[in-house]
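Residue numbers (our numbering), protein chains in the order written: chain A, 1 to 341; chain B, 1001 to 1341; chain C, 2001 to 2254; chain D, 3001 to 3254.
Cβ coordinates follow ideal geometry from the N, Cα and C atoms, glycine included.
In this text, all values refer to a predicted model and were calculated from it rather than measured experimentally.
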Amino acid sequence: MSEKTAKERIGITSTIPVEIIYASQCVPVDLNNIFITDKHPQVIVDEAERLGLPRNTCTWVKGMYSVLKHTDIHTVIGVVQGDCTHIVSMLESLLPAGVEFIPFSFPYEKSRKLLRWEMQKIMDYFGVQWDDCLASKARLDEVRKIIHTIDRMTWEDNTVSSQDNFYALINSTDFMGNPEAFKIQLKRILDKKREPYPRSHLRFGLLGVPTVFTDLYPYLESQGARVVYHEVARQFAMPEYAKDLLEQNLSYTYPYSFYGRVKDIQEEAGLRHLDGFIHYVQSFCHHQLEDLGFREQLSLPILTLEGDRVGKLDGRTKTRLDTFVQMLKSKKRRKEDAFRN
Amino acid sequence: MSEKTAKERIGITSTIPVEIIYASQCVPVDLNNIFITDKHPQVIVDEAERLGLPRNTCTWVKGMYSVLKHTDIHTVIGVVQGDCTHIVSMLESLLPAGVEFIPFSFPYEKSRKLLRWEMQKIMDYFGVQWDDCLASKARLDEVRKIIHTIDRMTWEDNTVSSQDNFYALINSTDFMGNPEAFKIQLKRILDKKREPYPRSHLRFGLLGVPTVFTDLYPYLESQGARVVYHEVARQFAMPEYAKDLLEQNLSYTYPYSFYGRVKDIQEEAGLRHLDGFIHYVQSFCHHQLEDLGFREQLSLPILTLEGDRVGKLDGRTKTRLDTFVQMLKSKKRRKEDAFRN
Amino acid sequence: MRLGIDIGSRKVKFALQSDNNRMKLWDMPTTDLYHQHLHRKPDGTNELDFHSLGLPQVDIVAATGYGRNNVKLSQALVVSEILAHAAGAMRVLQGEFLMLDMGGQDTKVALVRDGQVEDFSVNDKCAAGSGRYLENMAQVLGVPLEELFSYYADPADLTTTCAVYAESEIIGKLAEGVTMPQLCAGVNYSTFLKIRPMLERWPQKELVFVGGGAKNKAMLHYLQQAHYAVVIPEAPEYNGVLGCLEMLDKEEEE
Amino acid sequence: MRLGIDIGSRKVKFALQSDNNRMKLWDMPTTDLYHQHLHRKPDGTNELDFHSLGLPQVDIVAATGYGRNNVKLSQALVVSEILAHAAGAMRVLQGEFLMLDMGGQDTKVALVRDGQVEDFSVNDKCAAGSGRYLENMAQVLGVPLEELFSYYADPADLTTTCAVYAESEIIGKLAEGVTMPQLCAGVNYSTFLKIRPMLERWPQKELVFVGGGAKNKAMLHYLQQAHYAVVIPEAPEYNGVLGCLEMLDKEEEE
């Protein structure tokens, strides 16, 4: 390990076995979260374009790039297999001087041996052992347990909003750099105790990467619909957390085969009684290509939403959402009518 | 190996250790080459969009997708690390039924152990041994030797056109499925024996992936400029061919670090007396991001050209080329004048 | 008296249905509506100013179009324009069919089955091939839109996807000697190519073609050539506003 | 008599320099040039028809602009429009400076040093922020282009990048109560944001602003706010054609 001091902030570009960083006393920082929780994320994107990033590049990559230019982060762990090559190009060719880039791969074929090798590499870098990591896994699992409860309350008790559900799941990539403080935030969600959402609300699964829309959830609720399944964000929270650290990172679906994701989606769609899917695709992202695949593999109706820059839902996107909600409600009503007659 | 018959055509999406396929008596087919050498490549792209591929996807990915839909190829080896994730998404989620996808990784950190593991995996699939592959390497190196001669004649003797240079290099990904027939084509280039190009012609290095322009080389020549260095295509031809198969695929720069490419470019720029670079970027490709990196790392003037659909140079691209050529010529003239006085 | 209103990005379309079921159709620029005919209320919603519109007090208003969410008409039943167009299309065709609406910015396709929208698709984020693209190209070629719409034979091959940059490609072809009719046909054909994947998502050959784009004869030709049985309602550009009145009817029935 | 001609995608600009060095400037639609004033020769090149242009026989012609390659004027010295604009800019500034040309489709920046173009950059493939984008937006907002160009204060935040879809965003903001001046300023500011990265490639603060876009007062304001010392030549839209005549002079000297 190259002279890491405790509390040093370590950037990550996507979910990695963050237990290793916590074991080293360093603090993981998900660059995506810094970007999107900024007061003016759009200014951050403008800055990246000003610095010369092509406009037809994913907004998440632009956001992370600007963030790296302006923070005190000197080490970034980047996922070089299992995420996107735009991030790799950015980390490789555009890092400011003095920032070190540590590559991490999720081996495509889910090889136990190769994944262990990759994890060992990061452990060696930070000078920690498997046992240290298992200890930090226990610490994080305490928090994950609450996240899973919140997730269950979202779809089963219907007493947690889509927004709170997303907040809990998405912050599990880095535990906000402080698992115990994060836990307090999560407990606040548990304590909200709201009335269950009405049964008439449509139940959506949101497939794909996190959106850049700032008002998706309230808008959906105003139309009588909710997201009760965040496919990728739920995976960030390691739903299979009970197993060991290696298994946990092998059963994490996102970086591996598309069909592993499909299987997970099919299972959760049944369990959660979904009415349909919203497949969110980020402009210029390779996951756009999977839209066709989802349409072939999944039987529920799918609405594809494309997002580019950060901000409120635009009129075109609202039209799509309205139509999808109104169409599904009318179908449902007709089905119920037919059932009654 | 799953019942491969000799002469079966095996699709590849980028350069891989093609020696393995030849060792198995199967025939490698670079899907990019099938696409771009078609009489109507644009129709192939239209077809991919018709089938539902998003328009803001790289044309090469679209082309390969259509090709796969219409050929008799049942096995595709796709590069899952060291190339782009758009291809991976395409191969994963959109392959027609009955087509098998074999992943191949160039390990990011150039680990000998991991690369050997990857190559062994493909060898096992085809049921061949290292010795068989070394034999086919000897067979291919015969052809590579001619390609390297053609490349040398391009920049040193100035008696080979940019077009012929590119033809020789680009077809080294699959040796056109028939190394001996390819050799005959290459000998024809050797036998052309044209007068050296005038010394006044500007000498360009073309960085980045192959272009989708059909008339770049004649247009450049009409303006008094030539491409005497094809960065990536030259790498396809394995310029370090003398070493063993593993070494050969470790010294191949394209799938590894950006800085490995920069080093190669700097060396060749000096050797080949380049006047400037054209950095070709495919719309929506992650390599677009490296344009900034090249501008920081390389000292010669760089013209960035963006291409989207296949076809002739458009007016905007011609304007860029004209300006670049005229600017460099005028700079050169001024330098020579200053030298004379 | 019932009023339907379709608030598009450039034009607002009105349909006034009198109690004896007579229909009056007209339009105005969207900016005029915003500037002259809305009362903004403290709660952020708006009221149509029937007086300045020269209308009598109207009982029921149904609104559709992009503007419907922004304008938040307090007096209106608000309907998605895709569903409105589908409802409009059901006036002229029953059973199972596709609705194709070509508007100024977006092209929308809906699969209709037994009076119900089963699924739909909208074009992607890039506006190549939109109505605005056709308008721009007509302007560049110096022909009226109606004339542009009449050419379909021997289309020039246009490769530029951007609605703005296609201009220079067209001018270039003109200089190369490609004829005006070929270029007009090329513009239409490239638009058809853009729309086709949306239609082919469903194996369906009955098609109702609506919106301002339905006046494009070349598009009709290409659709028929692709074996679609095409129905175009009268006044196809008013299909959305008429459809939203239809939905009002249905709503009342229930 | 020397004639300069700048063949753009929509307009052709002419500069006729008489022997006593008087300059006459005028323009016409590009399609008119193609249809009425060219003789197509068997070898694929074209000849300007001086007679139909109402011109006397001209000695020397210099041509620039997008159309220069397509038209292949057999009588002309052909010059890249970036170099032509740089040469035009050198008429008003010496030493080291940036040339910023905002045309209808493209924005071009050149770094000029001691009478020589050292480097240049052109905007990317997406036409958001081009002159055509500004024209479209003026049309949507219902203001003349000159008026659009006058607003810079308190710009509305526009996030849509596509020149066509920005329309619906603008209409939406209008409905939300954002004022016309703010929207106009927003259109100008988003264009400035698009151009800025091209300028910042070189650490240079002297700037000659040319092309039709140089009439954009808001753009001038933003450039000055970013600490550029901006020079705008007289008749900036004729800078290219005047520059190509300048290059003819240089050519003759050598």
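- Taking 4 residues as the minimum length, the alpha helix (DSSP H) runs contained wholly in the segment 165-228 of chain A are 179-191, 216-222, in order along the chain.
- Scanning chain A for C-beta atoms nearer than 8 Å to the C-beta of PHE1258 of chain B yields SER89, GLU92, SER93, reported in chain order.
- Beta-bridge partners assigned by DSSP to VAL2143 of chain C: none are found.
- Uninterrupted beta strand (DSSP E) stretches at least 3 residues long and entirely within the segment 1223-1268 of chain B occur at 1225-1230, given in chain order.
- Residue nearest to LEU1303 of chain B within the set B:LYS1312, B:VAL1310, B:LYS1318 is B:LYS1318 (criterion: CA-CA distance).
- Any Cβ of chain A closer than 8 Å to the Cβ of PHE2120 of chain C would place that residue at the interface, and such an atom is present.
- At a cut-off of 8 Å between beta carbons, TYR108 of chain A contacts chain B.
- Cβ neighbours of VAL1045 of chain B within its own chain (closer than 8 Å, five residues either side excluded): THR1059, LYS1062, GLY1063, SER1066, ARG1309, VAL1310.
- Going by beta carbons, LEU2220 of chain C and VAL2187 of chain C fall outside the 8 Å limit.
- Residues of chain B whose Cβ lies closer than 7 Å to the Cβ of GLN3116 of chain D are, in chain order, SER1330, LYS1331, ARG1334.
- Straight across, the Cα-Cα distance linking ALA3166 of chain D with LYS3194 of chain D is about 14 Å.
- Using a Cβ distance threshold of 8 Å, LEU1207 of chain B and VAL1227 of chain B do not count as a contacting pair.
- Taking C-beta separations shorter than 6 Å and ignoring five residues to either side along the sequence, the partners of ALA2063 of chain C in its chain run ILE2005, LEU2073, ALA2076, VAL2078, following chain order.
- Two segments are said to touch when three or more pairs of C-beta atoms, one from each, lie closer than 8 Å; by this definition the segment 1262-1278 of chain B does not touch the segment 1171-1187 of chain B.
- Taking the C-beta atoms as reference points, LEU1246 of chain B is found no nearer than 8 Å to LEU1140 of chain B.
- Here PHE339 of chain A is exposed. Its C-beta has fewer than 16 other C-beta atoms within 10 Å.
- Take the alpha-carbon of VAL262 of chain A and the one of LYS7 of chain A: they are about 38 Å apart.
- Per DSSP, reduced to three states, the secondary structure at ASN1033 of chain B is helical.
- Listed as beta-bridge partners of ILE3005 of chain D by DSSP are D:PHE3014, D:ALA3063.
- Look at the beta carbons and you see the segment 2018-2026 of chain C not touching the segment 1321-1328 of chain B: under three pairs across the two are nearer than 8 Å.
- The closest CA to that of GLU2237 of chain C, considering only C:LYS2215, C:MET2247, C:LEU2248, is found on C:LYS2215.
- Bridge pairing for ASP2101 of chain C: C:LYS2108, C:VAL2210 [DSSP].
- Interface annotation for the segment 46-64 of chain A against chain D: ASP46, GLU49, ARG50, LEU51, GLY52, PRO54, ARG55, ASN56, criterion Cβ-Cβ distance under 8 Å.
- From the beta-carbon of PRO3197 of chain D, the residues of chain A found nearer than 9 Å are GLU49, ARG50, LEU51, GLY52, LEU53.
- Here the alpha carbons of VAL1079 of chain B and THR1253 of chain B stand approximately 14 Å from one another.
- The C-alpha of LYS2205 of chain C is placed about 52 Å away from the C-alpha of PHE3120 of chain D.
- TYR2066 of chain C is positioned such that its CB atom lies closer than 8 Å to that of ILE3171 of chain D.
- Check the Cα spacing between SER2150 of chain C and each of C:ARG2132, C:ASP2043, C:LEU2174, C:MET2180: the tightest is with C:MET2180.
- Within the DSSP secondary-structure output, HIS279 of chain A pairs in a beta bridge with A:LEU207, A:THR304.
- Nearest neighbour of PHE1284 of chain B by Cα position, chosen from B:TYR1022, B:THR1085, B:PRO1041, turns out to be B:THR1085.
- In chain order, GLN1081, TYR1108 make up the part of chain B whose C-beta sits under 8 Å from the C-beta of VAL80 of chain A.
- Sixteen is the threshold: since fewer than 16 other Cβ atoms of the shown chains lie within 10 Å of the Cβ of ASP3049 of chain D, the residue is exposed.
- Using beta-carbon distances, ARG1320 of chain B does not count as an interface residue toward chain C, since no partner is under 8 Å.
- It is roughly 29 Å from the alpha-carbon of GLY1082 of chain B to the alpha-carbon of SER172 of chain A.
- DSSP, reduced to helix, strand and coil, places PHE3120 of chain D within a strand of the structure shown.
- Under the 10 Å beta carbon count, LYS3011 of chain D is surrounded by 16 or more other beta carbons and is classified as buried.
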